[in-house]
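For reference, the structure discussed in these notes is given below.
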Amino acid sequence: MSDPSRLLIALDVDGTLIHEDESIGDAVRAAVARVRDAGHEVMLATGRSWETARPVHEKFGLTSEFVVCANGALTMKRDDALEGGYRREFIEVFDPTEVLETIRPHLPSGSFMVEDPTGFRRYTEGMTDWELVNAEQVPFEELLRHPATRVVVISPEHDTEEFLSIVDRMGLQRVTYAIGWTAWLDISPDGVSKATAMERVRHALDIPRSNVVAVGDGRNDIELLTWAAEQGLGVAMGQAPDEVKAVATRATAPVVDDGLALVLDAL
Numbered sequence: 000m001s002d003p004s005r006l007l008i009a010l011d012v013d014g015t016l017i018h019e020d021e022s023i024g025d026a027v028r029a030a031v032a033r034v035r036d037a038g039h040e041v042m043l044a045t046g047r048s049w050e051t052a053r054p055v056h057e058k059f060g061l062t063s064e065f066v067v068c069a070n071g072a073l074t075m076k077r078d079d080a081l082e083g084g085y086r087r088e089f090i091e092v093f094d095p096t097e098v099l100e101t102i103r104p105h106l107p108s109g110s111f112m113v114e115d116p117t118g119f120r121r122y123t124e125g126m127t128d129w130e131l132v133n134a135e136q137v138p139f140e141e142l143l144r145h146p147a148t149r150v151v152v153i154s155p156e157h158d159t160e161e162f163l164s165i166v167d168r169m170g171l172q173r174v175t176y177a178i179g180w181t182a183w184l185d186i187s188p189d190g191v192s193k194a195t196a197m198e199r200v201r202h203a204l205d206i207p208r209s210n211v212v213a214v215g216d217g218r219n220d221i222e223l224l225t226w227a228a229e230q231g232l233g234v235a236m237g238q239a240p241d242e243v244k245a246v247a248t249r250a251t252a253p254v255v256d257d258g259l260a261l262v263l264d265a266l
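Residue numbers (numbering that gives the first Met the number 0): 0 to 266.
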């Protein structure tokens, strides 16, 4: 029998758990430790690859059964027999050719990155602000030759409103996408999101929907917070865009004020 009081707590990383400079508030670190030590299932649900999520996972001392990465396209499962303690359990992929060829004429000066099922990243010139571990720079045409769990497009010359307008005109189909704080686009396989991965995790752990808590701040958290808020608790960080706050149960303080700690301490 599952523990009826056990919570499944899904936490976004950037802008939720950690600050923009990747520092961690003491109150957040302590709050995460408290709910983890109380026996709740505390886990990451991030757009990051496993390679870039793992240091955060370890920094917070998490031992969750699953870790959701790549906006739901990759779910890691704990496996103590392996070095690093996790294996790639569920992987969703798509052929990035059509979406890349659709986007490029609209953003000829944009930079592109494709993450493959192994976590390896191939990127074009200009992708300098991203964590590029386990990666290599390649010509654009090389990106079309590999199946993708995730495609990232950045266009620093546009502000967010201009970028939103351009993306709207693209008419992207057969993929799931979210637009970031600045002019960047995060693309996943069609119908795949943090929410679809978390529902699979929830079912595997046999935790009731009413015991779900999710906290996030980005447009790639909209499905996650919608899913959590239906029967549980979906919380938007204070700096989240209005469309993210609109789907949440409520909002907390911004990440710079350790808003996540307020949420976890109130559970």
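Ideal placement from N, C-alpha and C gives every residue a C-beta, glycine not left out. Bear in mind that the values here come from a model prediction, so they are computed numbers and not experimental data.
Query raised in the report: Around the C-beta of Q238, are 16 or more other C-beta atoms found within 10 angstroms, so that it is buried, or is it exposed?
Result: buried
**Report entry** Reduced DSSP secondary structure (H/G/I, E/B, other) of D185
**Finding:** Here D185 sits in strand by DSSP.
**Report entry** Contact belief for R270 with I178 at Cβ below 8 Å, rounded distance in angstroms
**Finding:** Residue 270 falls outside the range modelled here, since the chain spans only 0 to 266, and no answer is possible.
Report task. Go to M42, then tell me how far its beta strand (DSSP E) extends in each direction, as first and last residue. Result -> M42 -> beta strand (DSSP E) spans 40-43.
Query raised in the report: Which ranges does the alpha helix (DSSP H) cover as unbroken runs of at least 4 residues, wholly within the stretch 132-171, from first to last along the chain?
Result: The stretch 132-171 contains, as complete alpha helix (DSSP H) runs of 4+ residues, the segments 139-142, 159-169 (chain order).
Query raised in the report: Roughly how many angstroms lie between the CA atoms of L204 and E198, to the nearest whole one?
Result: Straight-line measurement puts the Cα of E198 at about 10 Å from the Cα of L204.
Query raised in the report: Which first and last residues belong to the beta strand (DSSP E) in which M75 is found?
Result: 73-77 is the extent of the beta strand (DSSP E) around M75.
Requested in this report: Would you grab the beta carbon distance between A260 and G24 for me? Rounded to a whole angstrom, and I think it's under 8 Å.
Outcome: 7 Å
Requested in this report: State whether the stretch 102-116 contacts the stretch 146-163, with contact taken as three or more CB pairs (one from each stretch) at a distance under 8 Å.
Outcome: yes
**Report entry** Rounded straight-line distance, which links the Cα of D78 to that of V12
**Finding:** 22 Å
Requested in this report: Label D173 either buried or exposed according to how many other C-beta atoms from any shown protein chain fall within 10 Å of its C-beta, with 16 as the threshold for buried.
Outcome: According to the sequence shown, residue 173 is Arg rather than Asp. Exposed, since its Cβ has fewer than 16 Cβ neighbours within 10 Å.
Query - CB of L6 within 8 Å of CB of H39, strictly - result: yes
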